[in-house]
Amino acid sequence: MSIITIPETGYVFPQFRPPVSAGRSPVPAGTTAHLGLSYALLEGYRELGLDLYVPTDRPGPVPCVIWIHGGAWLSGDRRYFPDIWPEGIVFDGLIARGYAVATIDYRHAREASFPAQLHDAKAAVRYLRHFAAELGIDPTRFAVWGESAGGHLAALVGLVSGRPELEGSIGVAEGDSSVSAVVDWYGVSDVATMPAFADAALPDADPHAEAEGAWRGEEPIDVVLAGVADREAAERDFSPVSHVSASAPPFLLVHGDSDGLVPIGQSVLLHERLRAAGAPVHFHPVPGADHVWIGVDMQPLVTEALDFLEGVLGG
2 MSIITIPETG YVFPQFRPPV SAGRSPVPAG TTAHLGLSYA LLEGYRELGL DLYVPTDRPG
62 PVPCVIWIHG GAWLSGDRRY FPDIWPEGIV FDGLIARGYA VATIDYRHAR EASFPAQLHD
122 AKAAVRYLRH FAAELGIDPT RFAVWGESAG GHLAALVGLV SGRPELEGSI GVAEGDSSVS
182 AVVDWYGVSD VATMPAFADA ALPDADPHAE AEGAWRGEEP IDVVLAGVAD REAAERDFSP
242 VSHVSASAPP FLLVHGDSDG LVPIGQSVLL HERLRAAGAP VHFHPVPGAD HVWIGVDMQP
302 LVTEALDFLE GVLGG
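Numbering-wise (the working numbering), the sequence shown opens with residue 2 and increments by one.
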């Protein structure tokens with residue numbers, strides 16, 4: 002893959018993806034792929050799409066896990082997991098456990114300000130639930146799993162309920178956008194205590210450098226909140242800790258204690274708030290792990306997440 006090195010930082014990031022890396026590996030046997038489903042058509046914006054992979058070798062309907070990609074709310078694509086991860090480690094693991102996997106796109110921060118990203122994720126949940134019977138998935142067994150910015154959005158999907166201005170009305174406008182479980186890998190939880198991204202020391206191997214290295218002098222949180230009328234209120238709504246209640250679904254929070262981009266304190270705070278509210282939560286600090294699991298073997302972390310989901314959703 003072609004890369005550019007930023008001399009001032011030493012960061013490297015891809016400028017394009019060659020044809021050999023143009024998407025998911027071949028669909029596993031016994032799986033039906035529904036590619037390019039348009040879950041929301043927005044005038045003036047690109048169609049919002051998702052890809053859904055449904056195991057057909059299990060008695061249906063099957064539980065569905067919705068994957069939300071990272072990228073500092075500035076970049077990313079439903080077709081790609083972080084480049085440095087072993088190929089298929091999350092996707093194939095879910096399929097092997099008998100889960101359908103939906104990978105979703107959402108509007109980036111320079112396309113639309115928050116809460117557009119949350120509206121999009123909520124719309125994807127409503128779409129999948131609305132067409133669950135047709136797609137062979139169980140509408141009562143949905144979970145969300147995300148990393149970095151995707152972990153932040155996954156937490157919001159799990160916690161936000163009953164607020165029309167945050168639920169949105171795009172796509173399938175009516176219906177339930179709740180989920181039964183959340184896996185949040187190193188997501189932002191509280192804007193008020195989040196240090197500047199510009200102060201972070203990103204490792205050279207961090208694929209998020211493509212997003213965070215393209216700040217144009219602006220902080221990603223400033224970009225995603227640029228169009229809001231009330232910044233103070235928007236920061237509260239953007240922060241998952243603001244939405245914690247006893248009715249929250251089970252959460253698995255996993256965060257490296259050496260994360261140089263999103264400090265582990267973000268997950269510590271969300272864990273504390275969830276516990277104080279009496280909500281089910283498990284927090285796993287990972288010794289020596291930096292952002293995107295640089296520095297550790299991530300297979301045990303994937304297995305942990307799969308076991309957690311199986312404990313909540315069943316097989």
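Idealized CB from N, CA, C, for every residue including glycine.
In this text the structure is predicted, and so the values were computed from the model without any measurement.
With 16 as the cutoff for other CB atoms within 10 Å, does residue i come out buried or exposed?
{"i": "A144", "result": "buried"}
{"i": "E168", "result": "buried"}
{"i": "A117", "result": "buried"}
{"i": "S190", "result": "buried"}
{"i": "G37", "result": "exposed"}
{"i": "P60", "result": "exposed"}
{"i": "I295", "result": "buried"}
{"i": "A290", "result": "buried"}
Is residue i near residue j, with beta carbons less than 7 Å apart?
{"i": "A122", "j": "Y107", "result": "yes"}
{"i": "V287", "j": "G257", "result": "yes"}
{"i": "L42", "j": "I105", "result": "no"}
{"i": "A306", "j": "V126", "result": "no"}
{"i": "L53", "j": "H35", "result": "yes"}
If you draw a straight line from the C-alpha of residue i to the C-alpha of residue j, how long is it?
{"i": "V282", "j": "L254", "result": "8 Å"}
{"i": "S179", "j": "S162", "result": "7 Å"}
{"i": "L226", "j": "A235", "result": "7 Å"}
{"i": "G261", "j": "F82", "result": "20 Å"}
{"i": "P27", "j": "D93", "result": "10 Å"}
{"i": "A174", "j": "D223", "result": "28 Å"}
{"i": "V102", "j": "W68", "result": "7 Å"}
Which residue's Cα is closest to the Cα of residue i: the options?
{"i": "V66", "options": "P83, A235 and L95", "result": "L95"}
{"i": "E220", "options": "D238, L75 and V287", "result": "L75"}
{"i": "T141", "options": "P29, A174, A182 and L154", "result": "A182"}
{"i": "D238", "options": "L154, G279 and P83", "result": "L154"}
{"i": "P193", "options": "G312, I69, A277 and P264", "result": "Sequence inspection shows Ala at residue 193; the Pro mentioned does not correspond to that position. The shortest Cα separation from A193 among G312, I69, A277 and P264 belongs to P264."}
{"i": "R130", "options": "S248, D177 and H109", "result": "D177"}
{"i": "L119", "options": "A280, D231, L157 and L49", "result": "L157"}
{"i": "T32", "options": "A97, R79 and A290", "result": "A97"}
{"i": "A110", "options": "P165, G147, R164 and G77", "result": "G77"}
How many whole angstroms separate the CB atoms of residue i and residue j, which I take to be in contact at a CB cut-off of 8 Å?
{"i": "P250", "j": "G159", "result": "5 Å"}
{"i": "G71", "j": "Y128", "result": "That pair is no contact at about 22 Å."}
{"i": "H152", "j": "W186", "result": "With the sequence shown as reference, residue 152 is identified as Gly, and His is not the correct amino acid for it. Between W186 and G152 the Cβ distance is about 5 Å, and since that is below 8 Å, they are a contact."}
{"i": "E112", "j": "Y46", "result": "7 Å"}
{"i": "A278", "j": "S246", "result": "6 Å"}
{"i": "V293", "j": "S114", "result": "The pair is not a contact, with the Cβ atoms about 26 Å apart (cut-off 8 Å)."}
{"i": "P56", "j": "D139", "result": "P56 to D139, Cβ: 12 Å. No contact."}
{"i": "A133", "j": "P62", "result": "7 Å"}
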